[in-house]
Amino acid sequence: MSGFGDGIKQGAYLAGTKRFNFFYAYVATMCYFLRADGEFSSQEQLWVEEQLDNLQLGLTIPEAVKDKLLSIIADDSLTFDAVKEFLEPVEISQLESISQRVQIAIEIDEEITEEELAANELFNAYITERVANDIVNDQRVKEIISSAVKEYGENLDRIDYEFKQLTKLQDSDAAFLIGATALQVIRVLLINKLTEVEPAGSNNLKEVRLHDAQSKIFEQFNATEEASGPLYASKSHILSARGVPYDATRFADGNFGIFRGANHRFGTFGHDPILGLIFGTANIMTNTLTAPNPNPLIGKFGYLPTSFNVEYDPFGKNPHITTPTSTLLLLGAAAKRIPSEPDAAAAALIKQIIHIGTDLYTPVGIQLPVENLILNKATTEKLTSYVNMGDIVKVGGQAAAAIAINWLVAALHGCSLFNKDDGTEFCSEMHQVRTKKILLISNSIATSSSVIQAAITKNPRNLDIGGAAVLIYRLFTDMKFISKLKQEFMTSELAKVYDQRVQGLL
Numbered sequence: 001m002s003g004f005g006d007g008i009k010q011g012a013y014l015a016g017t018k019r020f021n022f023f024y025a026y027v028a029t030m031c032y033f034l035r036a037d038g039e040f041s042s043q044e045q046l047w048v049e050e051q052l053d054n055l056q057l058g059l060t061i062p063e064a065v066k067d068k069l070l071s072i073i074a075d076d077s078l079t080f081d082a083v084k085e086f087l088e089p090v091e092i093s094q095l096e097s098i099s100q101r102v103q104i105a106i107e108i109d110e111e112i113t114e115e116e117l118a119a120n121e122l123f124n125a126y127i128t129e130r131v132a133n134d135i136v137n138d139q140r141v142k143e144i145i146s147s148a149v150k151e152y153g154e155n156l157d158r159i160d161y162e163f164k165q166l167t168k169l170q171d172s173d174a175a176f177l178i179g180a181t182a183l184q185v186i187r188v189l190l191i192n193k194l195t196e197v198e199p200a201g202s203n204n205l206k207e208v209r210l211h212d213a214q215s216k217i218f219e220q221f222n223a224t225e226e227a228s229g230p231l232y233a234s235k236s237h238i239l240s241a242r243g244v245p246y247d248a249t250r251f252a253d254g255n256f257g258i259f260r261g262a263n264h265r266f267g268t269f270g271h272d273p274i275l276g277l278i279f280g281t282a283n284i285m286t287n288t289l290t291a292p293n294p295n296p297l298i299g300k301f302g303y304l305p306t307s308f309n310v311e312y313d314p315f316g317k318n319p320h321i322t323t324p325t326s327t328l329l330l331l332g333a334a335a336k337r338i339p340s341e342p343d344a345a346a347a348a349l350i351k352q353i354i355h356i357g358t359d360l361y362t363p364v365g366i367q368l369p370v371e372n373l374i375l376n377k378a379t380t381e382k383l384t385s386y387v388n389m390g391d392i393v394k395v396g397g398q399a400a401a402a403i404a405i406n407w408l409v410a411a412l413h414g415c416s417l418f419n420k421d422d423g424t425e426f427c428s429e430m431h432q433v434r435t436k437k438i439l440l441i442s443n444s445i446a447t448s449s450s451v452i453q454a455a456i457t458k459n460p461r462n463l464d465i466g467g468a469a470v471l472i473y474r475l476f477t478d479m480k481f482i483s484k485l486k487q488e489f490m491t492s493e494l495a496k497v498y499d500q501r502v503q504g505l506l
């Protein structure tokens, strides 16, 4: 606030000084012309003072200014050279007002002498010279401005070129670019291979490998010899039975109308990727099946769970649906075993997760979470044919893998700065720009390669959607970073140029 106040005071001071300079020039010019005929009468002096009072417009003049004005009036030896010194600080527009008063001063005694005419010629010659000089000065100012603008543009172009040179990829960056691109392309191909849709069964390699992994995990568990019973699947059965009870599609007596065999995945909560962690795990621990009640709550929406017992043959195979049971009871039975038989609960949860994994990339697929709690089986099945949980997992995996590779490449490329940091301003920031360019180029190539693969295989699910999302995000954030850095760099370099100019170094 003090700086603002000082600025106001300075402005007021300059405005006052400009007004007082006009007073000095006016009084000096009038007195010079009135004395040109050889005398300066009291009437003429009074006229000058009256004119000065009119110019003040009621403003109070400081005593020092008054004293200087009075000394000018009293100076009998005032020459035109001295008058010109008073006229110099006055602008051309203000000289016109003085020129008008000059004519009045010449004619005040109703007689124009040769001396007054000579003085008038001097004054007019001075005015003409001032006007001519101002025209020349204006032209010179325009030339200076034009030259300054041109120089400013040249400096901008030079600094812009320097920025491009400092941020362009160097020979040492080529290895990082090739490595990053290779990793990203491998990511695309590997994820597409791992998520390739295959029919369920013994020929499905992913299913076989997941079951093998399950078997190796279950080897760590100790199987007990107790028999299974109502709402109780023995740990031995959980570990040895290959399938899960909610995969049962046959009925012991009559079909309860809960689903048809072909669409049983969309008619059981065990196949829900989220609800299945609860219902599916509980079904495995209790040899049951939980499905949406065929009767919706509101219109065609909202389906409460209904449950059924599932029985196996003496060899733990051929599951078939028998009688209805309480969903709350089976959940309670499963919950009671968690503290008493945590290994059985853990085995059931592992089996649930692996079962979802085996179904994830099959032609039917796995529905999105909570769908069959809201929609009917037909709608869920149709929606799943367009987008399913496997697609979500795939896109998420693509994005996560792309981010992980970007982080790894950025970290390794950042380490290379230790051998190149020369301590100059913006050195590390310029290195970051090159890092971001490496990531953008490698991500773009990888995502583009997925477009080619999708076109060749005619399978849109081969598109690198997750990687494309990461690329778009980086385009916005990285370009913003580069633009901001470029602005800061150009501002800094321009400041150096003009600071040196001020200091006389250029």
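Its first residue numbered 1, the sequence shown is counted upward by one per residue in the UniProt record's numbering.
Idealized CB from N, CA, C, for every residue including glycine.
Please read all numbers here as calculations on a predicted model, not as lab measurements.
Quiz prompt | E49 to E154 span [Cα, whole Å] | solution = Their Cα atoms are separated by approximately 57 Å.
Quiz item: The beta strand (DSSP E) spanning L289 covers which residue range?
Solution: Note, L289: beta strand (DSSP E), 288-292.
Exercise. Could you please give the first and the last residue of the uninterrupted alpha helix (DSSP H) stretch that includes F308?
Key: Premise fails: F308 lies in the beta strand (DSSP E), 305-311, not in any alpha helix (DSSP H).
Exercise. Closer than 7 Å by C-beta to D478: which residues in its own chain qualify, once you throw out the five before and the five after it? Chain order, please.
Key: The answer, listed in chain order, is K436, L440.
Quiz prompt | DSSP three-state assignment for Y152, whether helix, strand or coil | solution = Helix.
Quiz item: Where does Y498 fall in DSSP's three states?
Solution: Y498: helix per DSSP, three-state reduction.
Self-check item: Where the alpha helix (DSSP H) containing T457 begins and where it ends
Solution: Taken as a continuous stretch (DSSP letters only), the alpha helix (DSSP H) holding T457 covers 427-457.
Practice problem: Ignore the nearest five residues each way along the sequence and tell me which others in D36's own chain have a CB closer than 6 Å to its CB. | Solution: Correcting the residue identity first, residue 36 is Ala in this sequence and not Asp. Once the five neighbours on either side are set aside, the close Cβ partners of A36 are E115, E116, A119.
Practice problem: Pick helix, strand or coil for T325, following the three-state DSSP scheme. | Solution: In the structure shown, T325 sits in a strand (DSSP, three-state: E or B).
Practice problem: Please go through the same chain and pick out, in chain order, the residues whose beta-carbon is closer than 7 Å to the beta-carbon of I191, but skip the five residues on each side of it. | Solution: If the five residues before and after I191 are omitted, its C-beta is found closer than 7 Å to the C-beta atoms of K394, G397, Q398, A401, all from its own chain and listed in chain order.
Quiz prompt | I298 - partner residues in DSSP beta bridges | solution = According to DSSP, I298 bridges with F301.
Self-check item: Same chain, Cβ closer than 7 Å to L210, five either side skipped, listed in chain order
Solution: Excluding positions up to five away in sequence, the list reads I354, G357, T358.
Quiz item: Under 7 Å, do E429 and L485 count as touching if we go by C-beta distance?
Solution: A contact, by the Cβ cut-off of 7 Å.
Exercise. From the DSSP output, in three-state form, read off F251 for me.
Key: If DSSP states are grouped into helix, strand and coil, F251 belongs with the strands.
Quiz item: In the structure shown, what three-state DSSP assignment does P245 receive?
Solution: Note: P245 maps to helix in three-state DSSP.
Self-check item: Best match in R265, Q100, S215 for proximity to K382 [C-alpha to C-alpha]
Solution: For the set R265, Q100, S215, the Cα lying nearest the Cα of K382 is the one of R265.
Quiz prompt | Contact under 7 Å by Cβ, P319 with Y312 | solution = In this structure, Y312 lies closer than 7 Å to P319 by Cβ.
Self-check item: Selected residue, minimal CA-CA separation from F123, among L95, K142, I144
Solution: Across the set L95, K142, I144, the C-alpha of L95 shows the shortest separation from the C-alpha of F123.
Quiz item: Distance, Cα to Cα, S492 vs K164?
Solution: S492 and K164: Cα-Cα distance of roughly 16 Å.
Practice problem: To the nearest angstrom, report how far apart S42 and N21 are at their CA atoms. | Solution: Taking the straight line from one Cα to the other gives about 24 Å.
Self-check item: Whole-angstrom distance between E219 and I405, CA atom to CA atom
Solution: Separation of I405 and E219 (C-alpha to C-alpha, rounded to the nearest whole angstrom) is 35 Å.
Self-check item: Reference C427; option with closest CA among S442, I403, F489, I438
Solution: Out of S442, I403, F489, I438, the CA that lies nearest to the CA of C427 is found in F489.
Exercise. State the start and end residues of the unbroken alpha helix (DSSP H) segment that holds V90.
Key: Here V90 belongs to no alpha helix (DSSP H), and DSSP marks it neither H nor E.
Quiz prompt | Inter-residue Cα distance where the pair is L231 and P292 | solution = Straight-line Cα distance between these residues: approximately 19 Å.
Quiz prompt | A455 to L412 span [Cα, whole Å] | solution = In a straight line, the C-alpha of A455 is about 34 Å away from that of L412.
Quiz prompt | Rounded distance between the beta-carbons of I92 and residue 515, thought under 8 Å | solution = The structure shown has nothing for residue 515, since the chain only spans 1 to 506.
Quiz item: Is G229 helix, strand or coil by DSSP?
Solution: Here G229 sits in strand by DSSP.
Quiz item: Do F301 and I374 have their C-beta atoms within less than 7 Å of each other?
Solution: A contact, by the Cβ cut-off of 7 Å.
Exercise. Count the C-beta pairs between the region 181-198 and the region 460-473 that are closer than 8 Å, then say yes if the count reaches three, no if not.
Key: They touch, by the three-pair rule.
Quiz item: Taking just the CA atoms, how far does I445 sit from T181?
Solution: Between T181 and I445, the C-alpha separation is close to 7 Å.
Exercise. Rounded to whole angstroms, what's the CA-CA distance from A241 to I338? Just pull it up for me.
Key: In this structure, the CA atom of A241 is about 20 Å from the CA atom of I338.
Exercise. Please name the residue in S450, Q487, D173, F23 whose C-alpha comes closest to that of Q184.
Key: Selection S450, Q487, D173, F23 evaluated against Q184 yields S450 as nearest (Cα-Cα).
Quiz item: Which term fits D253, buried or exposed, when burial requires 16 or more other beta carbons within 10 angstroms of its beta carbon?
Solution: Label assigned to D253: exposed.
Quiz prompt | Close Cβ partners of A469 (< 7 Å) along its chain, the five nearest in sequence each way excluded | solution = Contacts found: A399.
Practice problem: Work out the CA separation of T29 and Q100 for me, nearest whole Å. | Solution: Spanning the two alpha carbons is a distance of roughly 11 Å.
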